[in-house]
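S.K.: As given, the protein sequences belong to chains A and B, one line each in that order.
Residues are numbered in this note's numbering as their position in the first sequence, beginning at 1, plus a constant of 9.
Residues are numbered in this note's numbering as their position in the second sequence, beginning at 1, plus a constant of 620.
Built from N, CA and C at the ideal position, the CB exists for glycine as well.
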Amino acid sequence: MTVTEQQGGYRPSPPPAWQPRTDPAPLLPDAEPYRVLGTEAAEGVDPALLRRLHAELVRGRRYNVQATALTKQGRLAVYPSSTGQEACEVAAALVLEDRDWLFPSYRDTLAVVARGVDPVETLTLLRGDWHHGYDPHAHRVAPLSTPLATQLPHAVGLAHAARLKGDDVVALAMIGDGGTSEGDFHEALNFAAVWQAPVVFLVQNNGFAISVPLAKQTAAPSLAHKAVGYGMPGRLVDGNDAAAVHEVLADAVRRAREGGGPTLVEAVTYRIDAHTNADDATRYRGDAEVEAWRAHDPVRLMERELTARGLLDDAALDAVRQEAEEMAADLRARMNQDARPDPMSLFDHVYAETTTQLREQREMLRAELAAEQDGPEGRDGRTAQEGDRR
Amino acid sequence: MTTVAAAPVKPAKPATMAQALNRALRDAMTADPGVHVLGEDVGALGGVFRITDGLTREFGEDRCTDTPLAEAGILGTAVGMAMYGLRPVVEMQFDAFAHPAFEQLVSHVSRMRNRTAGRMPLPLTVRIPYGGGIGGVEHHSDSSEAYYMATPGLHVVTPATVADAYGLLRQAIASDDPVVFLEPKRLYWSKDTWDPERPAEVEPIGRAVVRRTGTSATLVTYGPSLPVCMEAAEAARAEGWDLEVIDLRSLVPFDDETVCASVRRTGRAVVVHESPGFGGPGGEIAARITERCFHHLEAPVLRVAGLDIPYPPPMLERHHLPGVDRVLDAVARLQWEG
Numbered sequence: 010m011t012v013t014e015q016q017g018g019y020r021p022s023p024p025p026a027w028q029p030r031t032d033p034a035p036l037l038p039d040a041e042p043y044r045v046l047g048t049e050a051a052e053g054v055d056p057a058l059l060r061r062l063h064a065e066l067v068r069g070r071r072y073n074v075q076a077t078a079l080t081k082q083g084r085l086a087v088y089p090s091s092t093g094q095e096a097c098e099v100a101a102a103l104v105l106e107d108r109d110w111l112f113p114s115y116r117d118t119l120a121v122v123a124r125g126v127d128p129v130e131t132l133t134l135l136r137g138d139w140h141h142g143y144d145p146h147a148h149r150v151a152p153l154s155t156p157l158a159t160q161l162p163h164a165v166g167l168a169h170a171a172r173l174k175g176d177d178v179v180a181l182a183m184i185g186d187g188g189t190s191e192g193d194f195h196e197a198l199n200f201a202a203v204w205q206a207p208v209v210f211l212v213q214n215n216g217f218a219i220s221v222p223l224a225k226q227t228a229a230p231s232l233a234h235k236a237v238g239y240g241m242p243g244r245l246v247d248g249n250d251a252a253a254v255h256e257v258l259a260d261a262v263r264r265a266r267e268g269g270g271p272t273l274v275e276a277v278t279y280r281i282d283a284h285t286n287a288d289d290a291t292r293y294r295g296d297a298e299v300e301a302w303r304a305h306d307p308v309r310l311m312e313r314e315l316t317a318r319g320l321l322d323d324a325a326l327d328a329v330r331q332e333a334e335e336m337a338a339d340l341r342a343r344m345n346q347d348a349r350p351d352p353m354s355l356f357d358h359v360y361a362e363t364t365t366q367l368r369e370q371r372e373m374l375r376a377e378l379a380a381e382q383d384g385p386e387g388r389d390g391r392t393a394q395e396g397d398r399r
Numbered sequence: 621m622t623t624v625a626a627a628p629v630k631p632a633k634p635a636t637m638a639q640a641l642n643r644a645l646r647d648a649m650t651a652d653p654g655v656h657v658l659g660e661d662v663g664a665l666g667g668v669f670r671i672t673d674g675l676t677r678e679f680g681e682d683r684c685t686d687t688p689l690a691e692a693g694i695l696g697t698a699v700g701m702a703m704y705g706l707r708p709v710v711e712m713q714f715d716a717f718a719h720p721a722f723e724q725l726v727s728h729v730s731r732m733r734n735r736t737a738g739r740m741p742l743p744l745t746v747r748i749p750y751g752g753g754i755g756g757v758e759h760h761s762d763s764s765e766a767y768y769m770a771t772p773g774l775h776v777v778t779p780a781t782v783a784d785a786y787g788l789l790r791q792a793i794a795s796d797d798p799v800v801f802l803e804p805k806r807l808y809w810s811k812d813t814w815d816p817e818r819p820a821e822v823e824p825i826g827r828a829v830v831r832r833t834g835t836s837a838t839l840v841t842y843g844p845s846l847p848v849c850m851e852a853a854e855a856a857r858a859e860g861w862d863l864e865v866i867d868l869r870s871l872v873p874f875d876d877e878t879v880c881a882s883v884r885r886t887g888r889a890v891v892v893h894e895s896p897g898f899g900g901p902g903g904e905i906a907a908r909i910t911e912r913c914f915h916h917l918e919a920p921v922l923r924v925a926g927l928d929i930p931y932p933p934p935m936l937e938r939h940h941l942p943g944v945d946r947v948l949d950a951v952a953r954l955q956w957e958g
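Pasting the structure below:
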């Protein structure tokens, strides 16, 4: 017994500075991923939106198939496919207004295309003729981010800046399940919540970070639960149900725009293809698992819903597929033209003003290119072989 | 005959480098509403070195913002702010505390202009107090400039005088390129005659300045080592050496012209800096001098640098930091006999 208690002055109380901060209950995600298609909720969705989502899903799938084919033809250096994840990609693009910003990761080229960016410009990174082929300001799409989660703080900063300027702009940042382990994920969510920045974080939990399954990535109840620790709502949604993803993201975007702050959305989906064309998924997962997910395919889920409700007849379906074929044919034709990046452009955008050192290196490269043009004799009459020996 | 009485000119008073930096931030924020300061403790406290003193009071919390304690988050959000047209100035509290932000700096800040083919330049300034000599424990005294120099796309700038602290910081904030602005914390309280109402124009970023002319040898230095070199040059007079001292001011872009013009005149050079010598800035500078001035050199270019050790404890740091004697010893080894 302490002295205070003996004197009768002891009253148990929390530490002096402690006070309850935020009630966690409203922030908690649903117990199960939210679904719309095949449920009663589907009847409340505008049929025009369902048709629009369907058309984008069909186009998106065709885009994934075409881009994958382009890797086999050597037209793309690499392609991280979003086959099976089209619902997330498409919905992310469709929920944004023109003035909003999208922050994609490298697997999100489909979202970028669905936002209206030219697919050839979008694929520049993966073709390898330049890092980013599109103007980020033209469609308010940040560069595709390869270092995981590093674009999330950018989204927070941009949204924060927009709010400071009095613009009702929302930023939507995309990331995968593996990326949630990165420090930048944590820092971005924390900054967003502290600043009440108008940001929506969309985590596509596709089951794998290349080969590592989610169980080795986190011990959290779900990725959506992580939101609670930052003081923002977490939403769990069926990532293959385009109507559900669209609704959840649209809610989050509206909330952000109205000053309600950020939301973390976990969309449960599956990466049907390997990580990229350079990966071999058979080394780390079985066919049965893939087949189970194929039965839950986002395009088929939508088509079943539309067909059951008489919103999609054969003619309409043909028209959608035809339009997707035309997009693929155009992409194929344009990607089959050789890209010829200018070596001299290497020095153009390192600094606003080219430094003396880079001007010297530019002259060196210019001379090397001139020597190549002169042929194997070389500029001073030596053969290439002699040159090598020296 | 009418005489117009001239306005009484107040003599300029001594000001510290810290005051000049504070004034530069204030003036930049006044001149451009897009300039935002963010960092740890930059608000009510005014920064641990008081460089942001009074800014939140004057411009409000939206312009000078206390952030959560996370350097990658600070720099990463600053990138997003710059994407939206603002001109963020980030304060990293200490040199070694800037390291968590290294990925943002290397993977995004330095190359966003390049990645986007010039469409998305990032006009942002990263202020980093750096260097030792203040008795700071362990992670409070690093000189990390070699990492930043080795990253194409960044400007790396460091003032050594009060006038440069003001002038270079204003230039850095106005630059459309990202600038790593290294503030020699040992010189924060150094004083010089400086008039905040009429700050002197200084040479642009990318130009070195000859701080002392001489004919015997050239000391090439920057930031916290400039006063050391100036003192060494004075002491060298007793030995009969008339040393020229160059203050680089900007490590990137590097002013080959000024450095080489001096070395061609003197025929001898010593590079002096605090950061470890191995893989340090001095190696690059010595190589550049040798490549360009070989036939003018009377002796190999020497380096006086910090030891190749993790930054030592404060009670031992004087043995690590290049001092006047070590500089003079290097000068003595410049093959004068020949």
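1) Bridge partners for residue 811 (chain B) per DSSP, in chain order?
2) Which same chain residues, not among the five before or five after residue 340 (chain A), have their C-beta less than 6 Å away from its C-beta?
3) Rounding to the nearest angstrom, what Cα-Cα distance links residue 95 (chain A) and residue 264 (chain A) in this structure?
4) Rank B:726, B:951, B:957, B:929 by C-alpha distance to the C-alpha of residue 761 (chain B) and give the top, closest one.
5) Using three-state DSSP, classify residue 887 (chain B) as helix, strand or coil.
6) State yes or no: is the C-beta of residue 637 (chain B) within less than 8 Å of the C-beta of residue 848 (chain B)?
7) Please confirm if residue 366 (chain A) has its CB atom under 8 Å from at least one CB of chain B.
8) Cβ atoms of residue 672 (chain B) and residue 657 (chain B): under 8 Å apart, would you say?
9) Measuring only between beta-carbons, confirm whether residue 203 (chain A) sits less than 8 Å from chain B.
10) What is the rounded straight-line gap between the Cα of residue 359 (chain A) and the Cα of residue 892 (chain B)?
11) Which of the residues in the region 720 to 743 of chain B, read from start to end, lie with their CB under 7 Å from any CB of chain A?
12) Name, please, each residue of chain B whose Cβ falls closer than 7 Å to the Cβ of residue 193 (chain A).
13) Determine the DSSP secondary structure at residue 701 (chain B), reduced to helix, strand or coil.
14) Decide if residue 659 (chain B) is buried, meaning its Cβ has at least 16 other Cβ atoms within 10 Å, or exposed.
15) Starting from residue 905 (chain B), trace the alpha helix (DSSP H) both ways and give me its first and last residue.
16) Assuming the contact rule is C-beta atoms closer than 8 Å, residue 855 (chain B) and residue 944 (chain B) should be a hit. Round their C-beta distance to whole Å, please.
17) Exposed or buried, what is residue 759 (chain B) when buried is set at 16 or more other beta-carbons lying within 10 Å of its beta-carbon?
18) If we call anything under 8 Å between Cβ atoms a contact, is residue 209 (chain A) one with residue 262 (chain A)?
19) Residues of chain A with CB closer than 7 Å to the CB of residue 706 (chain B), please, in chain order.
20) To the nearest angstrom, how far is it from the Cα of residue 201 (chain A) to the Cα of residue 319 (chain A)?
21) Helix, strand or coil for residue 750 (chain B)? Go by DSSP, reduced to three states.
22) Check whether the region 872 to 892 of chain B and the region 729 to 743 of chain B are in contact - that is, three or more C-beta pairs closer than 8 Å.
23) How long is the line joining the alpha carbons of residue 801 (chain B) and residue 302 (chain A), rounded to whole angstroms?
24) Does any CB atom of chain B fall closer than 8 Å to the CB of residue 207 (chain A)?
25) In angstroms, rounded to a whole number, what distance separates the CA positions of residue 719 (chain B) and residue 691 (chain B)?
26) How long is the line joining the alpha carbons of residue 113 (chain A) and residue 829 (chain B), rounded to whole angstroms?
27) Helix or strand or just coil, what does DSSP make of residue 27 (chain A)?
28) Pick helix, strand or coil for residue 825 (chain B), following the three-state DSSP scheme.
29) Buried or exposed: where does residue 182 (chain A) fall if 16 or more other Cβ atoms within 10 Å of its Cβ makes it buried?
30) Any beta-carbon of chain B closer than 8 Å to the one on residue 273 (chain A)?
31) Please classify residue 19 (chain A) as buried or exposed, where buried requires at least 16 other C-beta atoms within 10 Å of its C-beta.
32) Going by DSSP in three states, residue 782 (chain B) sits in which element: helix, strand or coil?
33) Tell me which residue opens and which closes the alpha helix (DSSP H) that residue 308 (chain A) is part of.
34) Should residue 399 (chain A) be flagged as near chain B, meaning a C-beta pair shorter than 8 Å?
35) Distance check for residue 237 (chain A) and residue 599 (chain B), CA to CA, integer angstroms please.
36) For the region 156 to 169 of chain A, which residues have a CB atom closer than 9 Å to at least one CB atom of chain B, in sequence order?
M.R.: Let's see:
1) Per DSSP, B:636.
2) Correct list, in chain order: 75, 128.
3) Looking at the two C-alpha atoms, the distance is approximately 24 Å.
4) For residue 761 (chain B), the nearest C-alpha among the options comes from B:929.
5) Looking at residue 887 (chain B) - three-state DSSP - the assignment turns out to be coil, as it is neither helix nor strand.
6) Residue 848 (chain B) sits away from residue 637 (chain B), with the two beta carbons spaced by 8 Å or more.
7) Interface residue, yes.
8) A contact, by the Cβ cut-off of 8 Å.
9) Output row for residue 203 (chain A): interface = yes.
10) For residue 359 (chain A) and residue 892 (chain B), the distance between alpha carbons rounds to 28 Å.
11) Listed by position, the residues of the region 720 to 743 of chain B near chain A (Cβ gap below 7 Å) are 723, 724, 727, 728, 733, 734, 735, 736, 737, 738, 739, 740, 741.
12) In chain order: 692, 696.
13) Looking at residue 701 (chain B) - three-state DSSP - the assignment turns out to be helix.
14) Buried: at least 16 other Cβ atoms inside 10 Å.
15) Per DSSP, residue 905 (chain B) belongs to the alpha helix (DSSP H) from 901 to 913.
16) Taking a contact as a CB-CB distance under 8 Å, the pair residue 855 (chain B) and residue 944 (chain B) counts as one, their CB atoms being some 6 Å apart.
17) Result: exposed.
18) The answer is yes: Cβ separation under 8 Å.
19) In chain order: 170.
20) Straight across, the Cα-Cα distance linking residue 201 (chain A) with residue 319 (chain A) is about 43 Å.
21) In the structure shown, residue 750 (chain B) sits in a strand (DSSP, three-state: E or B).
22) Judged by Cβ distances under 8 Å, the region 872 to 892 of chain B makes no contact with the region 729 to 743 of chain B, as fewer than three pairs qualify.
23) Going from the Cα of residue 801 (chain B) to the Cα of residue 302 (chain A) covers about 52 Å.
24) Not an interface residue.
25) In a straight line, the C-alpha of residue 719 (chain B) is about 8 Å away from that of residue 691 (chain B).
26) If I take the Cα positions, the gap works out to 45 Å.
27) Three-state result, residue 27 (chain A): coil.
28) Coil, per DSSP.
29) Within 10 angstroms of the beta-carbon of residue 182 (chain A) lie 16 or more other beta-carbons, which makes it buried.
30) It does not; no Cβ of chain B falls within 8 Å.
31) Under a 10 Å Cβ-count criterion, residue 19 (chain A) is classified as exposed, with fewer than 16 other Cβ atoms of the shown protein chains found around its own Cβ.
32) Residue state for residue 782 (chain B) is assigned as helix, using DSSP reduced to three classes.
33) Residue 308 (chain A) -> alpha helix (DSSP H) spans 307 to 317.
34) Note that residue 399 (chain A) scores a pLDDT of 33, beneath 50, so its modelled location is shaky and nothing firm can be said.
35) As shown, chain B starts at 621 and ends at 958. That puts residue 599 (chain B) outside it, with no answer to give.
36) So the list reads 156, 159, 160, 161, 162, 163, 164, 165, 166, 167, 168, 169, given in the order they occur along the chain.
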